[in-house]
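*Asks:* Before I ask anything, let me first share the structure, which is written out below as structure tokens.
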Amino acid sequence: MKAGQMGNDVPEAMHKPLRLKFLPRIALVCLYAVILFWLGRNLHWGCDLLTHTLMHCWWFACGLLAYFAVTKQWRWGAMSVVWVLGVGAIVLPASGWFAASADSSVVASGTDIRVLTWNTFVGNQDIENTAADIDAADADIIVIVEWTPAMRNHLAALRAEYPYRMEVPGQGAFGIALYSKVAGKIDTVLLPGDVSSLRFRAADPEIPIEVWAVHMLPPIGDRYWRFRNEQLAEIAGHLEKRSPDRQAIVCGDLNVTPWSGHFQTFLERSGCNDSREGHGYQASWPRRLGRLGIPIDHCLVDPRLQVIDRKIGFSQSANGSDHGSVLLTIRVRP
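Set out below in structure tokens:
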């Protein structure tokens, strides 16, 4: 009996190192499959959705590379190097870790404007603390995505400080609001999919900014994916036709990560920069992943605007928003 038991135990013991050896290899093969899906990102919503995880895949591939190097699996290590370098060329330029241009010095003159954008979550069960966080930010312009009438009630005191404002109820999670201490005009622009966006134009010629408050549809399923892409194209079209003196800021939950081809096309058409550039990865969703999440809440800015500071703020309440806020300090030059 003992001999029989030993015979059963030996194969199991031998199988364990084999599994440990092959699992990292299988993982690397899966990462190469991810690239095939990424190549189809402009053709199918599922492939485009997978781009959300591209930075996480790159981090994981770096870990695999280290493992293959330590275990002296040189052939697999070489395959990891190819993956890390190839995908790194895609994700690192849009990672937020590098400055937008060689000239990153802060200009001496201009008007500093603080802009806050936050998807406060339509199912927020702690609106009181969310409103307190908004008040504490002391922003000049506030964009609230997934705004609700309940949020308006909790912002009663704050609304008095923002005489230029517009609050637009929407179906489901698509209410939106913009509040400004800066004098200007706000109008509503209807986007494909019957979703409202807001456009604010400052009246002061010394602050020639045009702020867009937007909430794109989540690209889940072919229909919403196409609407999301059309919404990005619609905003880009408006920005292409704006007055040359207007310096654009596009704020809100765009439901797209920087590695999506549709995001990159939007930047090219609109002429905007990603305000994350030079300020770090800055993930904003979901709250439970914190800094390891994905950046889908954006502030995209005209190249003439200088981003002095950019911060992500997460609610400390488990019942608050599942998104982080984006607080931007920009320097405006006429």
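Each number in the numbering used here corresponds to the 1-based position in the sequence shown with 117 added. Backbone N, C-alpha and C fix where the C-beta goes; we use that ideal spot for every residue, glycine too.
1) From what residue to what residue does the beta strand (DSSP E) around H332 run?
2) Might you give, ordered along the chain, the residues of its own chain that have their beta carbon closer than 8 angstroms to the beta carbon of P335, omitting 5 neighbours on each side?
3) Are there 16 or more other CB atoms within 10 angstroms of the CB of Y296, so buried, or fewer, so exposed?
4) Kindly indicate which three-state DSSP category G310 falls into: helix, strand or coil?
5) Would you call the CB atoms of W235 and S442 closer than 8 angstroms?
6) My output table needs one value for K428: the three-state DSSP class, helix, strand or coil.
7) What distance in whole Å lies between the Cβ atoms of I261 and I447, which are believed to be in contact at a cut-off of 8 angstroms?
8) If I follow the unbroken beta strand (DSSP E) through L445, where does it start and stop?
9) Quick check on the DSSP output: the alpha helix (DSSP H) that includes E245 runs from which residue to which?
10) Between the segment 378 to 387 and the segment 349 to 368, are three or more C-beta pairs nearer than 8 angstroms?
11) Select from G240, E327, V299, E347 the residue whose C-alpha is nearest the C-alpha of G310.
12) With burial defined as no fewer than 16 other Cβ atoms inside 10 Å of the residue's Cβ, what is the status of N159: buried or exposed?
13) Around the Cβ of T237, are there at least 16 other Cβ atoms within 10 angstroms (buried) or fewer (exposed)?
14) Looking at P210 and E323, is the spacing between their C-beta atoms short of 8 angstroms?
15) Between M333 and H415, what straight-line distance do the alpha-carbon atoms span, to the nearest angstrom?
16) As a quick exercise: from V239, T382, A254, pick the residue whose alpha carbon is nearest that of R269.
17) Only counting the same chain, and skipping five residues up and downstream in sequence, which positions put a Cβ closer than 6 angstroms to that of N319?
18) Am I right that V151 and L167 are in contact with their C-beta atoms under 8 angstroms? What's the rounded C-beta distance?
19) For the alpha helix (DSSP H) containing V208, list its first residue and its last residue.
20) Taking the DSSP output, what are the residues bridged to W175?
21) So, for S392: in the same chain, excluding its five sequence neighbours on each side, which residues have a beta-carbon less than 7 angstroms away from its beta-carbon?
22) In whole angstroms, what is the alpha-carbon distance linking L148 and M283?
23) Under the three-state reduction of DSSP, which class applies to A219: helix, strand or coil?
24) Can the beta-carbon of F215 be found less than 8 angstroms from the beta-carbon of E394?
25) Taking all protein chains shown into account, decide if D370 is buried (16 or more other Cβ within 10 angstroms of its Cβ) or exposed.
26) Please state the DSSP three-state secondary structure of V239.
27) Give every residue of the same chain whose Cβ lies closer than 7 angstroms to the Cβ of T265, excluding the five residues on either side of it in the sequence, and list them in chain order.
28) Just to confirm, are Y281 and I303 a CB contact at a threshold of 8 angstroms?
29) Give the straight-line distance between the Cα atoms of D339 and A144, rounded to the nearest whole angstrom.
30) Would you say T446 reaches chain B, if we count a Cβ-Cβ gap shorter than 8 angstroms as a contact?
*Replies:* Taking the geometry as given:
1) 326 to 332
2) Within the same chain, Y341, R345, N372 come within 8 angstroms of P335 by CB-CB distance, once the 5 residues on both sides are set aside.
3) Burial call: buried.
4) coil
5) yes
6) strand
7) Their Cβ separation, rounded to whole angstroms, is 19 angstroms, which puts I447 and I261 out of contact at 8 angstroms.
8) 442 to 449
9) 244 to 254
10) yes
11) E347
12) exposed
13) Its Cβ being crowded by 16 or more others within 10 Å, T237 is buried.
14) no
15) 11 angstroms
16) When only C-alpha atoms are compared, the closest one is V239.
17) A small correction: the amino acid at residue 319 is Ala; Asn does not occupy that position in the sequence shown. Excluding positions up to five away in sequence, the list reads V299, G301, I326.
18) 7 angstroms
19) 191 to 208
20) Partner(s): none; W175 has no beta bridge.
21) C416, L417, V418, V424, R427, L445
22) 46 angstroms
23) Residue placement at A219 cannot be trusted, given a pLDDT of 42 that sits under 50; what the coordinates show is reported in the next sentence. Three-state DSSP puts A219 in coil, outside helix and strand.
24) Their beta carbons are under 8 angstroms apart, which means F215 touches E394 by this criterion.
25) buried
26) coil
27) V239, G292
28) yes
29) 28 angstroms
30) Checking the listed chains, one finds no chain B in this structure; it contains a single protein chain.
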